[in-house]
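Colleague: Chains as they are written, first to last, in this note's numbering: chain Z, 1176 to 1726; chain E, 1176 to 1726. Don't be surprised by glycine CBs; every beta carbon is placed ideally from N, CA and C. Below: one structure in structure tokens.
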């Protein structure tokens, strides 16, 4: 069949089939031609951010909510600005396609030094090889379609970023033959013998255990396996916890949900339940030092069944080609005995809800702020927490549905939340973002709220202003942890939209939230002035551990 | 001799010996211990920026003015934010040391996944290998001193960035034996036979030519060879031009200075003089497509003597181990005949100065703005131009001394100018920065002006507000070239210092410049509202060329 595609229309078509409707970025001369194609495609809407970094963070959040994200930037001066955000997507498993413009294949041979070049023409691709699961330079129209399919399939296979470089003289090159349609629902490779043996062993381990527990990890969200995990829980009666990175993967209202496992940083009874379990079932979980309260693992590997999209480990041996989805399916139909559900809970992680009463004129604290937010969030809220106490405090909030909590919870890169709220709300306009961000992170990327005005989004930003890097103050303090004070509530005047609030007391916070909840036309920013040494309980627990190691 | 150094005190000592008095960055838990050492060293003052990217841009500008720069950031989430700025320093030859904190050597073995990690522990170093001339991980106190010396020497040898990773458990490790003192004035390797032959050939080529011309490139500034080049010019009477990247390397008031060579983008008579020369002497110049007006080279290589710090080429053959400094020295003493100086000029590149008279109430244009600035700059001004028409327009300004013009003139990365003015003024507090920046670039990094307030700096920011990416509009227009409008003059209210001006007319601009010149206490920002389609003459010439190639 004769294709009517060009290289650029094929990229656009395939991204669209992956579920992408918005593409984030900033144009530059090497990518202007492709921007023009995007503009006229009517498939992907261009979202212009102020800075490229923010485009990548927004695309990452978009991918977490919608399943796939894309950004489009120019060569090197754009692409090398998004290295950190792409690394975050890699570390936290978010499938984002980085599309970079580039010098044309022909002009490369004529000129030894073209603007935006670093060392040689391949430098940018080589850098991205370290932080993506696949990359390609589309310098041949005959192989371009296959290359695009290969790279996008890898993003879906691993739920990690990929890199596509488009030389500007290839934008309109016709693709001679269209390849056969790609099945974008990634097919796991299954070895039936390994599957049978592993399911049998797991079943026997679970059945002979006294207090098994499931740790539902981030891959359950990334591969869309929430319903299957629920089925397994409901059939077997085994209780479940989430990790920091997977918070909200299971509705936190579910009766079998014990809470968030965060090692020594979390609630003691969750920690004790998990760490004393005689059968830990890890489903799509990558356990990091943050999951253990920034500590080495306290978990005994002899009691572990650990399956991810990449491999299955039971105790100390591995099975290849079992597959995350297939293994869970097989566990559901296996002969696992049904237990009485625990129903220890629902203690909502210990956080009280719907019982906040503001004390008039009383200086607000971090603890009371989160206490108030607990009753503010609704099933239509998506909570997006930046790094630091914004995240730690937010971990105690009860999230009602799945995928309604976003944070850079393992890679822990400051400045994620404001750009992320743009991507998240475009991915699902039914959700209103509630952004919780410290002043340190806000000074990095917060002005990107301008983009929310441009595209008529209405996030609510809670800015925890403690005049510095609060988490670090507790580890080792010095003037390097202080910030230049900003008048954050004035930002709407600069960016031409939004409402600002300055908050010192509990009742001011209460009233501002009321107003914000009804103000749907634009963003609201609530600058909350806090004591520089104030912090959430979780932060106190965490810094007690960390402080021992930085000196 | 028993050393009293630790790994961190040794880094600090060596950077100090390289001429570094300020270090730019943001702390994080993996680097807090080193920040504490910096704080108490009394040798390097910590300059906290809002974002890591800005720290790297400031360090780059600092290096261009002072000879060496340094930044200090945390592992991955800090380091990977500065990849683009480090790439710029690589491309434009600026010696910057990137010091990154990192997980301790011991904790790496205990934990498979530590926060801020991407793929494995070496990922960050491997990425930096592509954009630095040397890198090291200081994981052994016995070799640390030699490694630090090796890496810093490479930065001086190539005037390019280097990467030093400091695991946090090495910060206080004592260094057992101090290595012998390093000579930080880099010694060129010279082959006397190659030198004699090449100087003889060059002398004969120059003496038999009718209209030789010297192109003084960026390495003349980077290696501090301005006085030598002047000597050569004054002895031989050969006229000289600069390139965009080396603008101001020779005082633009010098009688032998012909102007800036910018290919078809520049003044026609400079272009013609250079391109018709029968003997082009390139000294430390890397000729890029921007130098030729974003075109392939129009220069005939049979008439070329081209020496850089890396090699010497005469016509079509190369000499190794000749050395930039040594070759210039030898040319000075060689038997080159003295010509009558041209004295075609000084036409100041054709730009009129000291003759601007504001027309009251008349809408200001880009051309008139630069016309006015031509008489505003003094020998105490350092002009810092961002990418786009800020740069192209500024190229016509006459710079009175050497090293008083900064721009990302080859790598062309937007957002350089505001962070750069912080580094430049700290590097030389006698100079007052005059920043020329477009609204697109300002929205990327402009809020970093907050750091100028924090450290009591007083740059003057001329913000060319044409509501979008003006350069791109001329290549291929679409809504993706538009920006959300900001009220830039309100920014002082947010960052707690500075003065804002809104300018529509010539007389408003005139008055604001007057006020700014006398307001020494803080920064001034002059938002100049321009017609979206307005642009400098240079931009018009450039976009005529570029526009043919992006569609």
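By the criterion of Cβ-Cβ separation under 8 Å, what are the contact partners of residue 1396/E in chain Z?
Modeller: For the purposes of this step, residue 1396/E is taken as residue 221 along the second chain, with counting starting at 1. Within chain Z, no residue comes near residue 1396/E; the closest Cβ sits about 18 Å away, beyond 8 Å.
Colleague: Enumerate in chain order the residues of its own chain whose CB-to-CB distance from residue 1716/Z is below 6 Å, with the five nearest sequence positions on each side excluded.
Modeller: The residue you call residue 1716/Z lines up with position 541 of the first chain. Contacts found: 1440.
Colleague: What is the residue span of the alpha helix (DSSP H) that residue 1259/E lies within?
Modeller: Taking the first residue of the second chain as 1, we reach residue 1259/E at position 84. Note, residue 1259/E: alpha helix (DSSP H), 1258-1266.
Colleague: Taking Cβ-Cβ distances below 7 Å as the criterion, which residues of the stretch 1215-1230 of chain Z are in contact with chain E?
Modeller: Here the close residues are 1221, 1223, 1225 and 1226.
Colleague: How far does the beta strand (DSSP E) with residue 1704/Z in it reach, from first residue to last?
Modeller: In the first chain, residue 1704/Z corresponds to position 529, counting from 1. Run containing residue 1704/Z: 1699-1704, per the beta strand (DSSP E) assignment.
Colleague: Can you tell which of 1284/Z, 1311/Z and 1251/Z has the C-alpha that lies nearest to the C-alpha of residue 1290/Z?
Modeller: In the first chain, the residue the question calls residue 1290/Z occupies position 115. Out of 1284/Z, 1311/Z and 1251/Z, 1251/Z has the C-alpha closest to the C-alpha of residue 1290/Z.
Colleague: Since residue 1436/Z and residue 1475/Z are thought to touch, with beta carbons under 8 Å apart, how far apart are those beta carbons, to the nearest angstrom?
Modeller: The residue you call residue 1436/Z lines up with position 261 of the first chain. The residue you call residue 1475/Z lines up with position 300 of the first chain. In fact, because the Cβ distance is near 15 Å, the residues do not count as touching under 8 Å.
Colleague: Closer than 7 Å by beta-carbon distance: list the chain E residues that pair up with residue 1660/Z, in chain order.
Modeller: Position 485 of the first chain, counted from the start, is the residue given in the question as residue 1660/Z. Within chain E, the residues near residue 1660/Z are 1671.
Colleague: For residue 1555/Z and residue 1412/Z, I'd like the C-alpha separation in whole angstroms.
Modeller: Here residue 1555/Z refers to the residue found at position 380 when the first chain is read from its first residue. Here residue 1412/Z refers to the residue found at position 237 when the first chain is read from its first residue. Each residue's alpha carbon lies about 29 Å from the other.
Colleague: Taking the DSSP output, what are the residues bridged to residue 1338/E?
Modeller: As a working note, residue 1338/E is residue 163 in the second chain. Residue 1338/E is bridged to 1273/E and 1310/E.
Colleague: Can the beta-carbon of residue 1369/E be found less than 8 Å from the beta-carbon of residue 1494/E?
Modeller: Position 194 of the second chain holds residue 1369/E. Position 319 of the second chain holds residue 1494/E. Yes. Within cutoff.
Colleague: Name the residue from 1669/Z, 1362/Z, 1444/Z and 1375/Z whose alpha carbon lies nearest to the alpha carbon of residue 1511/Z.
Modeller: On the first chain, residue 1511/Z is found 336 positions in, with the first residue counted as 1. Of the candidates 1669/Z, 1362/Z, 1444/Z and 1375/Z, the one whose C-alpha sits nearest the C-alpha of residue 1511/Z is 1375/Z.
Colleague: Any Cβ of chain E within less than 8 Å of the Cβ of residue 1604/Z?
Modeller: Your numbering for residue 1604/Z matches position 429 in the first chain. Answer no: the Cβ-Cβ gap between residue 1604/Z and chain E never drops below 8 Å.
Colleague: Mind checking if residue 1417/E is an interface residue toward chain Z, Cβ cutoff 8 Å exclusive?
Modeller: On the second chain, residue 1417/E is found 242 positions in, with the first residue counted as 1. Judged by the 8 Å Cβ criterion, residue 1417/E is not in contact with chain Z.
Colleague: Starting from the beta carbon of residue 1141/E, find every residue of chain Z whose beta carbon is closer than 9 Å, and list them in chain order.
Modeller: Past the boundaries of the shown model lies residue 1141/E; chain E is included only from 1176 to 1726, so the question cannot be answered.
Colleague: Within this structure, are the beta carbons of residue 1620/Z and residue 1582/Z separated by less than 8 Å?
Modeller: Counting from 1 along the first chain, the entry for residue 1620/Z is found at position 445. Counting from 1 along the first chain, the entry for residue 1582/Z is found at position 407. It is not a contact, given that the beta carbons lie outside the stated cut-off.
Colleague: How about residue 1589/E: is its C-beta nearer than 8 Å to some C-beta of chain Z?
Modeller: Here residue 1589/E is taken as the residue at index 414 of the second chain, counted from 1. Interface residue, yes.
Colleague: Could you give the distance in angstroms between the alpha-carbon of residue 1433/Z and the alpha-carbon of residue 1660/E?
Modeller: As a working mapping, residue 1433/Z is identified with position 258 in the first chain. As a working mapping, residue 1660/E is identified with position 485 in the second chain. Going by the C-alpha atoms only, they are around 48 Å apart.
Colleague: Below 7 Å on C-beta distance, what does residue 1464/Z contact in chain E?
Modeller: Taking the first residue of the first chain as position 1, residue 1464/Z is located at position 289. Near residue 1464/Z (Cβ distances below 7 Å), the residues of chain E are 1286, 1288, 1289 and 1290.
Colleague: Going by DSSP, what residue range makes up the alpha helix (DSSP H) through residue 1223/Z?
Modeller: Locating residue 1223/Z in the first chain gives position 48, where the first residue counts as 1. No alpha helix (DSSP H) holds residue 1223/Z; the beta strand (DSSP E) holding it covers 1220-1223.
Colleague: Roughly how far, in whole angstroms, is the beta-carbon of residue 1201/E from the beta-carbon of residue 1230/E, given that I think they are within contact range, below 8 Å?
Modeller: Walking along the second chain from the start, residue 1201/E turns up at place 26. Walking along the second chain from the start, residue 1230/E turns up at place 55. Their Cβ separation, rounded to whole angstroms, is 6 Å, which keeps residue 1201/E and residue 1230/E in contact under 8 Å.
Colleague: Which two residues bound the contiguous beta strand (DSSP E) that contains residue 1481/E?
Modeller: In the second chain, the residue the question calls residue 1481/E occupies position 306. That run of the beta strand (DSSP E) goes 1479-1482.
Colleague: Hey, would you say the C-beta of residue 1208/E is under 7 Å away from at least one heavy atom of the ligand COA?
Modeller: Among the components of this structure there are no ligands whatsoever, and the ligand COA is therefore not found.
Colleague: Can you name, in chain order, every residue of its own chain whose Cβ lies under 6 Å from the Cβ of residue 1256/Z, other than the five neighbours on each side?
Modeller: Against the first chain, residue 1256/Z aligns to sequence position 81. Only 1227 and 1228 meet the Cβ criterion.
Colleague: What residues in its chain sit with their C-beta under 8 Å from that of residue 1540/Z, if we drop five residues either side in the sequence?
Modeller: Against the first chain, residue 1540/Z aligns to sequence position 365. Hits under 8 Å: 1705, 1706 and 1709.
Colleague: How many Å lie between residue 1508/Z and residue 1502/Z at the Cα?
Modeller: Here the question's residue 1508/Z lines up with position 333 in the first chain. Here the question's residue 1502/Z lines up with position 327 in the first chain. Roughly 10 Å separates the two Cα atoms.
Colleague: If you reduce the DSSP assignment to three classes, tell me which class residue 1582/Z lands in.
Modeller: What you label residue 1582/Z is simply residue 407 of the first chain in a count that begins at 1. Strand, per DSSP.
Colleague: Can you give the Cα-Cα distance for residue 1523/E and residue 1324/Z, rounded to whole angstroms?
Modeller: Counting from one through the second chain, the residue named residue 1523/E turns up at place 348. Counting from one through the first chain, the residue named residue 1324/Z turns up at place 149. With a pLDDT of 47 at residue 1523/E, under the threshold of 50, the modelled position of that residue is not reliable, and the figure given next carries that caveat. Cα to Cα, residue 1523/E sits roughly 56 Å from residue 1324/Z.
Colleague: Is the distance from the Cβ of residue 1418/E to the Cβ of residue 1371/E below 8 Å?
Modeller: Position 243 of the second chain, counting from 1, holds the residue named residue 1418/E. Position 196 of the second chain, counting from 1, holds the residue named residue 1371/E. Not a contact, by the Cβ cut-off of 8 Å.
Colleague: Does residue 1503/Z come out as helix, strand or coil in the three-state DSSP assignment?
Modeller: On the first chain, position 328 is the one that residue 1503/Z refers to. Helix at residue 1503/Z.
Colleague: Going straight from the alpha carbon of residue 1344/E to that of residue 1232/E, what length do you get?
Modeller: Mapped onto the second chain, residue 1344/E falls at position 169. Mapped onto the second chain, residue 1232/E falls at position 57. Answer to the nearest angstrom: the Cα atoms are 28 Å apart.
Colleague: Between residue 1695/Z and residue 1208/E, what straight-line distance do the alpha-carbon atoms span, to the nearest angstrom?
Modeller: Mapped onto the first chain, residue 1695/Z falls at position 520. Mapped onto the second chain, residue 1208/E falls at position 33. Going from the Cα of residue 1695/Z to the Cα of residue 1208/E covers about 45 Å.
Colleague: Report yes or no: is there a C-beta of chain E within less than 8 Å of the C-beta of residue 1265/Z?
Modeller: Within the first chain, numbered from 1, the residue matching residue 1265/Z stands at position 90. It does; some Cβ of chain E falls within 8 Å.
Colleague: Buried or exposed: residue 1182/E, going by 16 or more other Cβ atoms within 10 Å of its Cβ?
Modeller: Sequence index remark: in the second chain, residue 1182/E carries index 7 (1-based). Classification of residue 1182/E: buried, given that the 10 Å Cβ count is 16 or more.
Colleague: At what residue ranges does the stretch 1536-1595 of chain E contain a whole run of the beta strand (DSSP E), taking only runs of 3 or more?
Modeller: Fully enclosed beta strand (DSSP E) runs of 3 or longer: 1556-1560 and 1580-1582.
Colleague: Using a Cβ-Cβ cutoff of less than 6 Å, which residues in the same chain neighbour residue 1488/Z once the five nearest sequence positions on both sides are dropped?
Modeller: As a working note, residue 1488/Z is residue 313 in the first chain. So the list reads 1481, once near-sequence residues are dropped.
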